[in-house]
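Colleague:
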Amino acid sequence: MKRDKSIVLLFSLALFAFAARAEVRLPRILSSHAVLQRDRPIHVWGWSEAGENISVSFKGATRTAQGDRLGRWSVYFPPQAAGGPFQLTVTGANRIVLDDILIGDVWFASGQSNMEMPLNGFPGSAVVKDAAAEISHADNPNLRLLFISHKAAQFPLEDFDQRDEWTLCTPETAAKFSAVAYFFGRDIAAQEHVPIGLIDSSWGGTPGEAWVSLDSLAADASLMPIFATWAKMANEETDVPATKIAEKREDNAARAAHRPLPEHPWHPDAASWDPSWLFNGMVAPALEFAIRGVIWYQGETNSALERAPLYERVFSTLIGDWRTHWRQGDFPFLYVQISSFDSTPHEVWPMVREAQRRTLSLANTAMAVTIDVGDPGNVHPSDKQTVGARLALAARAIAYREDVPYSGPLFQQAAGQDRSLRVWFTHAEDGLIAKNGPLQGFEIAGEDRRFVEADARIDGKTVIVANPQVAKPMYVRYGWRNAPQINLYNSAGLPASPFTSESNIPVPIGNK
């Protein structure tokens with residue numbers, strides 16, 4: 003009897019597998035309520051039985067294809083202007099109808115927990131400023147949301163999780179969606195008057211190298227220490243994994259601020275730290291889908307002493323890697339410079355910020371400085387509105403070519419004069435401002451690189467820094483602490499980025 007039941011079970015499974023294989027299906031990124039990228043060829047692809055004839059209809063046009071030996075098929079429609087809603091129909095062994103399709107701009111949002119943090123916050127750990135009011139007003143027919151489930155994979159996947167599909171932007175869906183991405187998309191939709199699709203593919207506590215393809219990591223000899231660190235972590239037997247250390251760090255910060263100990267719902271599992279595994283599971287399935295650009299918020303995990311020195315290389319490799327795989331040229335890549343957090347001496351946030359500043363040398367990049375809206379006692383600051391708004395300013399300038407101020411002052415050069423240094427900045431055409439009193443946060447050093455606090459004053463579009471202890475200053479830095487006190491802005495009210503004038507980024511000592 004057991005043998006007969008086994009035969010019936012195997013036969014049933016075989017029939018199910020055949021039906022699943024034969025059924026025409028689309029990737030999860032193509033569903034009802036989706037936004038398709040305007041002004042670029044529209045790619046529709048999927049899977050079917052090998053040799054099966056497929057017909058795809060959209061906006062009165064029809065394209066045909068045939069499943070290859072692996073059952074894959076794809077068609078393209080010409081670029082379209084913004085508009086909708088439209089219907090898309092796929093016909094083969096079965097018929098699929100996608101309704102309420104819009105054409106507009108698609109932005110891929112990624113990174114770690116400060117990008118992942120939803121409008122309703124992390125319960126027991128972090129909240130978004132004015133969350134209840136923001137959620138109640140989140141009905142926005144021009145916004146569409148796609149949340150990507152966490153997935154770490156050893157090899158590149160073809161599709162996202164079956165739970166993932168586009169949704170309308172409502173209070174219910176927005177509450178669970180990335181707050182930074184939502185505020186960014188809301189601003190862009192209002193300014194550009196086109197539908198905006200937001201794809202939230204983020205995972206808290208993850209390092210940058212997990213989001214880069216294995217080919218790109220392996221091609222750069224300078225990144226080999228990443229694999230050594232990963233192998234060490236994988237082989238070590240320890241009762242204190244990295245996530246526990248992160249939790250302890252947050253608990254200590256809460257105690258110091260006399261706050262209740264937070265919960266930690268955002269920490270990753272071990273596989274999400276593996277080089278390339280998040281690229282494989284949470285980026286690769288989107289690479290056939292056209293986008294307008296990327297918004298990125300990550301770097302806190304790479305502030306650890308063993309990771310920070312490599313971050314500039316990791317980050318620039320990630321940007322080039324995504325652009326290569328998406329095959330859309332140098333699309334806009336807009337990112338958030340990590341904010342302020344009173345972390346442990348074993349984390350060097352200034353080094354990560356400097357790496358992010360220097361990555362602006364890549365084409366079509368922009369950085370939203372958020373050092374002034376951080377929370378020294380919480381790694382997840384509540385003000386996500388300002389973060390989204392500054393990313394939106396960057397998008398308006400870089401992606402939409404509007405003439406708007408989009409960056410705070412960025413270090414350009416420093417030159418000695420008498421016993422002081424004069425510091426020049428870009429994005430300071432209309433002058434500089436010290437908010438709330440005299441300038442703070444500047445330090446200078448001589449040849450010995452022993453930095454001391456500097457007296458700083460604004461002189462037109464420059465800053466002059468000096469200290470009687472340094473007879474011949476050679477180096478200047480600004481905001482070089484995990485949670486610095488800073489107050490330099492441009493006339494547009496955008497904060498200056500922390501920086502160091504040293505050519506080689508040093509590992510800070512006493513960086514608290």
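Just so you know, this note's numbering puts 165 at position 163 of the sequence shown, and the rest follows in order with no gaps. We put the CB at the ideal spot given by N, CA and C, even for glycine.
List the endpoints of the continuous alpha helix (DSSP H) containing L395.
Modeller: That run of the alpha helix (DSSP H) goes K386 to I400.
Colleague: List, from N- to C-terminal side, the alpha helix (DSSP H) runs of 4 residues or more that fit wholly inside the region 131 to 210.
Modeller: Here the runs fully enclosed are 133 to 138, 173 to 176 and 181 to 194.
Colleague: Taking just the CA atoms, how far does I105 sit from S204?
Modeller: Those two C-alpha atoms are separated by around 24 angstroms.
Colleague: I need the DSSP call for P411, collapsed to helix, strand or coil.
Modeller: Residue state, collapsed to three classes: coil.
Colleague: Assuming G48 and L72 make a contact with CB atoms under 8 angstroms, what is their CB distance in whole Å?
Modeller: Their Cβ separation, rounded to whole angstroms, is 12 angstroms, which puts G48 and L72 out of contact at 8 angstroms.
Colleague: Just checking, does the region 56 to 67 make contact with the region 81 to 98 on the three C-beta pairs under 8 angstroms criterion?
Modeller: Touching, yes.
Colleague: Taking the Cβ atom as the reference point for each residue, do P383 and D374 lie within a distance shorter than 8 angstroms?
Modeller: No.
Colleague: Can the beta-carbon of R483 be found less than 8 angstroms from the beta-carbon of P352?
Modeller: A contact, by the Cβ cut-off of 8 angstroms.
Colleague: Which runs of the beta strand (DSSP E), 3 residues or longer, sit entirely within the region 416 to 475?
Modeller: Segments of the beta strand (DSSP E) lying fully in the region 416 to 475: 422 to 428, 434 to 436, 444 to 447, 457 to 461 and 464 to 468.
Colleague: Report the residue from F185, F186, V130 and D202 whose alpha carbon sits nearest the alpha carbon of G113.
Modeller: With distances taken between Cα atoms, G113 lies closest to D202.
Colleague: Quick check: what's the CA-CA separation for D332 versus D107?
Modeller: Whole-angstrom Cα-Cα distance: 16 angstroms.
Colleague: Can you tell me which of E449, E136 and L320 puts its alpha carbon nearest to the alpha carbon of L364?
Modeller: Ranking E449, E136 and L320 by Cα distance to L364 puts L320 first.
Colleague: Would you mind listing the beta strand (DSSP E) stretches within the region 47 to 130 that are 3+ residues and don't spill past its ends, in chain order?
Modeller: DSSP runs (the beta strand (DSSP E)) wholly in the region 47 to 130: 55 to 60, 63 to 68, 74 to 79, 85 to 93 and 97 to 113.
Colleague: In whole angstroms, what separates the C-alpha of P475 from that of I466?
Modeller: Looking at the two C-alpha atoms, the distance is approximately 11 angstroms.
Colleague: Could you name the residues that DSSP lists as bridge partners for W298?
Modeller: Answer by DSSP bridge pairing, in chain order: S112 and Y337.
Colleague: Take the Cβ of S541 as the centre, count every other Cβ of all protein chains shown within 10 Å, and call the residue buried at 16 or more, exposed below.
Modeller: The structure shown has nothing for residue 541, since the chain only spans 3 to 514.
Colleague: Determine the direct distance from the alpha carbon of I435 to that of I137, and round the result to whole angstroms.
Modeller: Spanning the two alpha carbons is a distance of roughly 35 angstroms.
Colleague: Leaving out five residues before and five after G439 in sequence, what residues of the same chain have Cβ atoms less than 8 angstroms from its Cβ?
Modeller: Closer than 8 angstroms at the Cβ level, and outside the excluded window around G439, lie N489.
Colleague: Suppose you measure from the CA of K178 to the CA of L423; what does that come to, to the nearest Å?
Modeller: Near 49 angstroms, if we compare the C-alpha coordinates of L423 and K178.
Colleague: Among the residues of its own chain, which have a CB less than 7 angstroms from the CB of S115, if the five just before and after it don't count?
Modeller: Same-chain partners within the cutoff: G206, G207, W268 and H382.
Colleague: Do I228 and P277 have their beta-carbon atoms positioned less than 8 angstroms apart in this structure?
Modeller: Yes, the pair counts as a contact, with Cβ atoms nearer than the cut-off.
Colleague: With H, G and I counted as helix, E and B as strand and the rest as coil, what does DSSP make of L38?
Modeller: Correct three-state label for L38: strand.
Colleague: Do E314 and L357 count as a contact pair if the criterion is CB distance below 8 angstroms?
Modeller: In the sequence on display, residue 357 carries Ala and not Leu. Going by C-beta atoms, A357 is nearer than 8 angstroms to E314.
Colleague: With a 10 Å radius around its C-beta and 16 neighbouring C-beta atoms as the bar for buried, classify S224 as buried or exposed.
Modeller: Under this definition S224 is an exposed residue.
Colleague: Which same chain residues end up closer than 7 angstroms to S215 when comparing Cβ atoms and leaving out the 5 residues on each side of it in sequence?
Modeller: S278, F281, D323 and H327, listed in sequence order.
Colleague: If I measure Cβ to Cβ from Q471 and keep anything under 8 angstroms in the same chain, skipping five residues before and after, which residues do I get?
Modeller: The residues are V454.
Colleague: On the three-state DSSP scale, how would you describe P500?
Modeller: Reduced to three states, the DSSP call for P500 is coil.
Colleague: Thinking C-alpha only, which one of Q39, A176 and G283 is nearest A212?
Modeller: When only C-alpha atoms are compared, the closest one is G283.
Colleague: Identify, in the order they occur along the chain, each residue of the same chain with its Cβ nearer than 7 angstroms to the Cβ of E290, setting aside the five sequence neighbours on each side.
Modeller: Taken in chain order, the residues that qualify are H45 and W47.
Colleague: Please name the residue, chosen from R165, A133 and L219, that lies closest to S180 on a Cα-to-Cα basis.
Modeller: Measuring from the Cα of S180, the nearest candidate turns out to be A133.
Colleague: Suppose the cutoff is 7 angstroms on Cβ atoms and the five residues either side in sequence are ignored; what does the same chain contact list for A494 look like?
Modeller: Result list for A494: P407, in chain order.
Colleague: Among the candidates A447, R359 and N366, whose CA atom is the shortest distance from the CA of F413?
Modeller: Nearest option by C-alpha distance: R359.
Colleague: Distance, Cα to Cα, F343 vs T91?
Modeller: For F343 and T91, the distance between alpha carbons rounds to 50 angstroms.
Colleague: Classify H260: buried if its beta carbon has 16 or more other beta carbons within 10 angstroms, exposed otherwise.
Modeller: At H260, the pLDDT of 47 sits below 50, so the modelled position is not reliable; the number obtained from the coordinates is stated separately. So H260 ends up on the exposed side.
Colleague: Based on DSSP bridge pairs, tell me the residues matched to A1.
Modeller: Since the first residue shown for the chain is 3 and the last is 514, residue 1 is missing from the structure and cannot be characterised.
Colleague: To which residues of the same chain is D102 closer than 7 angstroms at the C-beta, ignoring the five residues directly before and after it?
Modeller: If we look at D102 and ignore the five residues flanking it on each side, its Cβ neighbours are S34, H35 and P87.
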